[in-house]
Amino acid sequence: MITVERVSKRYGRGAPVLSEVDLTLEPGVTVITGGNGSGKSTLLRIVSGTTAPTSGRVGGVPKPVGYVPERFPAGMRLSTDDYLRHMAAIRRLPTDVARARAAELLARLAFHGESTAPMATLSKGNTQKVAIAQALLAEPALLVLDEPWSGLDDAAAVVLGELLGEAVDGGAVALVTDHLGHARRLPGACLVQLRAGVLQPGAAPNSLVSIELDRAADHLDLLRAMPGVVRATAAGTRVSAVAAREHSDGLLAEALRLGCSVRGVRLQSGAAR
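Residue numbering for the sequence shown follows our numbering, starting at 2 and increasing by one per position.
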């Protein structure tokens, strides 16, 4: 169990980025939600150990830690192969084990780049796949993933969910941000909300909105692909959709643009663990 105790972070004389955050992280997936500037990435950096808090402490962090930052370093001259070898050496993985694990992860994520070319030449999607692979090389006990679905194609997005589920099934703690809504679909995911650097009181709501649409069945695939949609099913001409609250307005606007009619909207709330 990881404990975040009264953690605050301030840069220079500016306003606090995080203020007195208390949080307990148990094996499973915890999703940090909140708008831009709410302190999500800063909290992840502190938990991962890449940034020190101004005050407070983080205790019980297990090793090894796998970390994917929101912005993976661009312009790297190392090739994918050399970079993964370097990261494996830092984690003291045997060469043959590291080579096999890296090959497995890149294959599952359908990495299509040239692994011997500089990483600076990779597409955003392939760069993200390498970032995910390095985080999972050593079968981490703690996974800290900041917007890991960003830039991934649909197939790789599904595989990332599978990999995250496998890590959690093995006892890992996963701390994730994800504005696209993939993480909240994972079984047992716990949602915690930050607002202006302050953890919201009480059990953070897993806020979802149920939306009932008519004349929508022909657009089912498009609606399912909308950001934040947890599920969408059709019955006759009707579609029942469940979406993350922060994405519900966008889903409703798109449904109306497509010519669907809205039959009902209802807020759901599930307590986080």
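Where is the CB? At the ideal position from N, CA and C, for every residue including glycine.
Report task. Could you pull out every residue in the same chain whose Cβ sits closer than 8 Å to the Cβ of CYS261, ignoring the five residues on either side in sequence? Result -> Excluding residues within five positions, the ones whose Cβ falls inside 8 Å are LEU214, ASP215, ARG216, ALA217, HIS220 and VAL240.
**Report entry** VAL29 - partner residues in DSSP beta bridges
**Finding:** The identity of residue 29 in the sequence shown is Gly, whereas the question assumes Val. The partner list for GLY29 (beta bridge, DSSP) reads VAL174.
**Report entry** Close beta carbons around GLY152, own chain, < 7 Å, minus the five adjacent residues each side
**Finding:** Excluding sequence neighbours, GLY152 sits near LYS125, GLY126 and GLN129.
Query raised in the report: Thinking just about the alpha-carbon of each residue, which of VAL62, GLY61, PRO141 and GLU71 is nearest to the one in VAL93?
Result: What sits at residue 93 in the sequence shown is Arg, not Val. Put simply, of VAL62, GLY61, PRO141 and GLU71 the residue whose alpha carbon is nearest the alpha carbon of ARG93 is PRO141.
Query raised in the report: Is the beta carbon of ALA156 less than 8 Å from the beta carbon of HIS183?
Result: Annotated as distal: ALA156 and HIS183, with beta-carbon spacing of 8 Å or more.
Requested in this report: Using 10 angstroms around the beta-carbon of ARG46, count the other beta-carbons present and answer buried if the total reaches 16, otherwise exposed.
Outcome: Buried, since its Cβ has 16 or more Cβ neighbours within 10 Å.
Report task. Could you say which of ALA89, ALA16, SER80 and ALA190 lies nearest to VAL32 if we only look at CA atoms? Result -> Nearest of ALA89, ALA16, SER80 and ALA190 to VAL32, Cα basis: ALA190.
Requested in this report: Can you tell me the Cβ-Cβ gap for VAL69 and ILE3, rounded? I've got them flagged as a contact below 8 Å.
Outcome: Contact doesn't hold; Cβ gap of about 17 Å is too wide.
Query raised in the report: For the putative contact between ALA108 and ALA99, defined by C-beta atoms under 8 Å, what is the C-beta separation to the nearest angstrom?
Result: With a Cβ gap of about 15 Å, ALA108 and ALA99 do not count as contacting.
Requested in this report: Reducing DSSP to helix, strand and coil, say where GLY203 ends up.
Outcome: Its pLDDT being 45, under 50, GLY203 is placed unreliably in this model, and the coordinates cannot settle the point.
Requested in this report: Could you tell me if ASP147 is buried or exposed, where buried requires 16 or more neighbouring beta carbons within 10 angstroms of its beta carbon?
Outcome: Label assigned to ASP147: buried.
Query - Simplified DSSP assignment, three categories, for SER124 - result: Of the three classes helix, strand and coil, the one that applies to SER124 here is coil, per DSSP.
Requested in this report: Output the distance between the C-alpha atoms of PHE73 and ALA132, rounded to the nearest integer angstrom.
Outcome: So the alpha carbons of these two residues sit roughly 7 Å apart.
Query raised in the report: Below 8 Å between beta carbons: does that hold for ALA103 and LEU138?
Result: Yes.
Report task. Using alpha carbons as the reference points, say which of ALA121, LYS41, ALA197 and VAL231 lies closest to PRO188. Result -> It is VAL231 whose Cα lies nearest to the Cα of PRO188.
Report task. Let me know the secondary structure DSSP gives GLU148 once reduced to three states. Result -> In this structure, GLU148 counts as coil in the three-state DSSP scheme.
Query raised in the report: Which first and last residues belong to the alpha helix (DSSP H) in which VAL98 is found?
Result: Segment 96-109, the alpha helix (DSSP H) holding VAL98.
Requested in this report: Would you mind stating whether LEU252 and LEU224 have Cβ atoms separated by less than 8 Å?
Outcome: Yes, the pair counts as a contact, with Cβ atoms nearer than the cut-off.
Query raised in the report: By Cβ distance, which residues of its chain are closer than 7 Å to VAL301, with the 5 residues on each side in sequence left out?
Result: This structure cannot settle anything about residue 301, because the visible part of the chain is limited to 2 through 274.
Query raised in the report: Is ALA242 helix, strand or coil by DSSP?
Result: Strand, per DSSP.
Query raised in the report: ILE91 to ASP97, Cα distance in whole Å?
Result: Approximately 15 Å, taken between the alpha carbons.
Query - 8 Å Cβ cutoff met for GLY198 and PRO17 - result: Yes, these two residues count as a Cβ contact at 8 Å.
Query - Minimum length 4: unbroken alpha helix (DSSP H) runs contained in the stretch 17-79 - result: The stretch 17-79 contains, as complete alpha helix (DSSP H) runs of 4+ residues, the segments 41-49 (chain order).
Query - Three-way DSSP call (helix, strand, coil) for ASP215 in this model - result: Looking at ASP215 - three-state DSSP - the assignment turns out to be strand.
Query raised in the report: GLN201: buried (16+ other C-beta within 10 angstroms of its C-beta) or exposed?
Result: Under this definition GLN201 is an exposed residue.
Query raised in the report: Who are the near neighbours of SER20 in its chain, counting only those whose CB is closer than 7 Å to its CB and skipping five residues on each side?
Result: Taking C-beta separations shorter than 7 Å and ignoring five residues to either side along the sequence, the partners of SER20 in its chain run SER9, GLY198 and VAL199, following chain order.
Report task. Pull up the distance between the alpha-carbon of ARG264 and that of SER211, whole angstroms please. Result -> Straight-line Cα distance between these residues: approximately 11 Å.
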